[in-house]
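Novice: With this note's numbering applied, the sequence shown covers 2 to 167.
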Amino acid sequence: MQLNPQVMAFDSFQQHCTRCKKGKPCGKMHVYVMELKPEVYKNQKFRDVNPNYKKGMPCVYVGKTSHHPKCRQSQHNNCKVGNWNGKKWTCYCGKKTEKINECKLSTRTSSKVGKYMTGYLLNTLYKKTNPQIDSESNQAAEGKLAIELRNQGFAVWAGHLNQSSS
Ligand SMILES: [Zn+2]
Ligand SMILES: [Zn+2]
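#1: Determine whether the beta carbon atoms of Tyr42 and Ala141 lie at a separation below 8 Å.
#2: According to DSSP, is Leu37 helix, strand or coil?
#3: Okay, do the stretch 131-139 and the stretch 14-21 touch, 3+ Cβ pairs below 8 Å being the bar?
#4: Any heavy atom of ligand 1 closer than 7 Å to the CB of Asn220?
#5: Whose C-beta lies closer than 6 Å to the C-beta of His77 among residues of the same chain, with five residues either side of it excluded?
#6: Any idea which residues DSSP pairs Leu126 with across the strands?
#7: Below 7 Å CB to CB, which residues in the same chain sit around Pro6 once its five sequence neighbours on both sides are set aside?
#8: Can you tell me where the alpha helix (DSSP H) holding Lys1 begins and where it ends?
#9: In chain order, what residues place their C-beta within less than 7 Å of a heavy atom belonging to ligand 2?
#10: Assign Gly160 to buried or exposed, taking buried as 16 or more other Cβ atoms, counted over all protein chains shown, within 10 Å of its Cβ.
#11: Check for me: the alpha helix (DSSP H) holding Asn78 runs from which residue to which?
#12: Any chance the CB of Lys29 is under 7 Å from a heavy atom of ligand 1?
#13: Name the two residues that bound the continuous beta strand (DSSP E) containing Asn131.
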């Protein structure tokens, strides 16, 4: 069996998805949760969408991606709003032909909460939800997870759920 050394070098795919295997992403769609700095709660729009926040619980960002969560993490960490031009992100899952890719408008991080992202994925909150087979179920899973976490007391910004109300 011929193994791609670049893929093998990255071996924690299985920590984010029930179908991704060690060194072998499933190729399907995923949702993810990224930690936000507590300062985000000072933002009025963020507070408005989280009326049931329990003080002391984490503030998080819930997103969806056609890549693996680690690819999207690389986009969030490298393609910052206002500073993405000329920067690069890494695709670990093989969906892009090239492993290293130029940041674009479409790959930059959330304009609303990007500056509050710590860069850490909270995989235990979403592993059991992954993967999804198409963009419709991917978007539905994102919204459902955001609402579940809010019901547990998390303060949540969900990329596509909150974009329309911003
Ligand atoms: Zn997967
Ligand atoms: Zn990827």
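Here a beta-carbon is modelled for each residue, glycine too, at the ideal position from N, C-alpha and C.
Specialist: On the basis of the data shown:
#1: As a position in the sequence shown, residue 42 is number 41, starting the count at 1. As a position in the sequence shown, residue 141 is number 140, starting the count at 1. No; because the gap between Cβ atoms is not below 8 Å, this pair is not in contact.
#2: Reading the sequence shown from its first residue, position 36 is the one you call residue 37. Strand, per DSSP.
#3: yes
#4: The question about residue 220 has no answer, for the chain in this structure spans 2 to 167.
#5: As a working note, residue 77 is residue 76 in the sequence shown. Closer than 6 Å at the Cβ level, and outside the excluded window around His77, lie Thr110, Met118.
#6: Position 125 of the sequence shown, counted from the start, is the residue given in the question as residue 126. None; Leu126 has no bridge partner.
#7: For the purposes of this step, residue 6 is taken as residue 5 along the sequence shown, with counting starting at 1. Residue placement at Pro6 is flagged as unreliable, the pLDDT there being 47, under the threshold of 50; a coordinate-derived value is accordingly withheld.
#8: With the chain represented from 2 up to 167, any question about residue 1 goes unanswered, as that position is not in the structure.
#9: His68, His69, Cys72, Cys92, Tyr93, Cys94, Gly95, Lys96, Lys97
#10: Position 159 of the sequence shown, counted from the start, is the residue given in the question as residue 160. Buried.
#11: Sequence index remark: in the sequence shown, residue 78 carries index 77 (1-based). Counting along the chain, the alpha helix (DSSP H) containing Asn78 begins and ends at 70-79.
#12: For the purposes of this step, residue 29 is taken as residue 28 along the sequence shown, with counting starting at 1. Yes, Cβ of Lys29 sits closer than 7 Å to a heavy atom of ligand 1.
#13: Taking the first residue of the sequence shown as 1, we reach residue 131 at position 130. Per DSSP, Asn131 belongs to no beta strand (DSSP E) and is neither H nor E.
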